[in-house]
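Q: In terms of the numbering used here, the sequence shown opens at residue 79 and continues consecutively.
By construction, the Cβ of each residue, glycine as well, lies at the ideal position given by its N, Cα and C atoms.
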Amino acid sequence: MYWQEMSGSWVLIPRQPVGIVHFLGGAFVATAPHITYRWLLENLGKSGYAVIATPFVNTLDHSAIALSVLNRFESILERLQSTGKLKPGYLPIYGMGHSMGCKLHLLIGSLFQVERDGNILISFNNYPVKRAIPFIEPLALDVKTLNLEFVPSPEETQDIIAKNYLVRRNLLIRFSNDDIDQTSILNPILMSRFPNMIASLNLPGNHLTPLGQEMDWKAGEIFTPFDAVGQWFKKEFSRDVYRLRDEVLRWLNPEKFFK
């Protein structure tokens, strides 16, 4: 199993896929998701999920980005099926987003007719331009005068989701040490549309936890105190992303975890 580049996206196909995950990353790390989110996505692949990770470059028009990544995903999915890399027949499709990737999946599920068995929304945020783009605020630019705002705006996005979002089953994940997470705003909006279909988790970690990579520490032939320290660091640094992986897989396939 290895990453393949297809139509500007990165694809990971296990031998016998049990489902498909369309992954969208955060605004400033989304251009190479197969690298920045490698550990998490490859663990989904090892568990039988085909991963289509679609890079994007952030602009002010988030609706246009949502349409673009959806079109690329559907084109790749059709290509994989026509070439036999994904066997014909039904496989559940899940959207999975981190940070801005959550907003894009929410817009996809609200503005376009898509079939999704569920969405996994990690560290959702929906800030206006002034807070979302780091260099804007220090320059003291008048964003209103310059007409700088995302399309749709944060308020418009919430309204679109509240009226039109069609994906019934959702997993919302926030981290205990994440100051920019806005899941608490999203949760009641989705609950009002689909009561009893929204799962919400508060996990240890921070906004960058999904980007975590496993530390590769291998003890020598003779176990030394340095090996003990190295393995402790490996465990501590990996613990949060391990927990995230386990909870995502539990939600994707609860029967496997509760047999």
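Between the Cα of Leu-182 and those of Pro-133, Leu-279, Thr-161 and Lys-165, spot the shortest distance and give me the residue it belongs to.
A: Looking at the Cα atoms, Pro-133 is the closest of the given residues.
Q: Please classify Thr-235 as buried or exposed, where buried requires at least 16 other C-beta atoms within 10 Å of its C-beta.
A: With 16 or more other Cβ atoms within 10 Å, it is buried.
Q: Check whether the Cβ of Val-96 lies closer than 8 Å to any Cβ atom in chain D.
A: Here chain D cannot be found, since the structure has a single protein chain.
Q: Using CA coordinates, which residue listed in Arg-247, Ala-108, Ile-258 and Tyr-243 is at the minimum distance from Ile-143?
A: Per the Cα distances, Ala-108.
Q: Could you check whether Gly-179 and Asn-248 sit closer than 8 Å to each other, using their CB atoms as the reference points?
A: No, the Cβ-Cβ distance between Asn-248 and Gly-179 is not below 8 Å.
Q: Which word fits Thr-137, buried or exposed, when buried means at least 16 other C-beta atoms lie within 10 angstroms of its C-beta?
A: Flag for Thr-137 reads exposed.
Q: Are the beta-carbon atoms belonging to Ile-258 and Asn-265 less than 8 Å from one another?
A: No, they are not a contact pair.
Q: Who are the Cβ neighbours of Arg-323 in its own chain at under 7 Å, not counting the five residues just before and after it?
A: The residues are Leu-118 and Asn-121.
Q: Need the endpoints of the alpha helix (DSSP H) that Met-174 sits in, please.
A: Here Met-174 belongs to no alpha helix (DSSP H); instead the beta strand (DSSP E) covers 171-176.
Q: Run through DSSP, which three-state label would Asp-193 get?
A: For the sequence presented, residue 193 should be read as Glu rather than Asp. Note: Glu-193 maps to coil in three-state DSSP.
Q: Indicate whether Ile-130 and Val-89 have their beta-carbon atoms separated by less than 8 Å.
A: Result yes, Cβ atoms of Ile-130 and Val-89 sit closer than 8 Å.
Q: Quick check: Pro-170 and Asn-204, are their CB atoms within less than 8 Å of each other?
A: No, Cβ-Cβ distance for Pro-170 and Asn-204 is not below 8 Å.
Q: Identify the residues that DSSP records as bridge partners of Val-96: which are they?
A: Looking at the DSSP assignment, Val-96 forms no beta bridge with any residue, so it has no partner.
Q: With a threshold of 16 other CB atoms inside 10 Å of the CB of Gly-167, please say whether the residue is buried or exposed.
A: Gly-167 should be labelled exposed.
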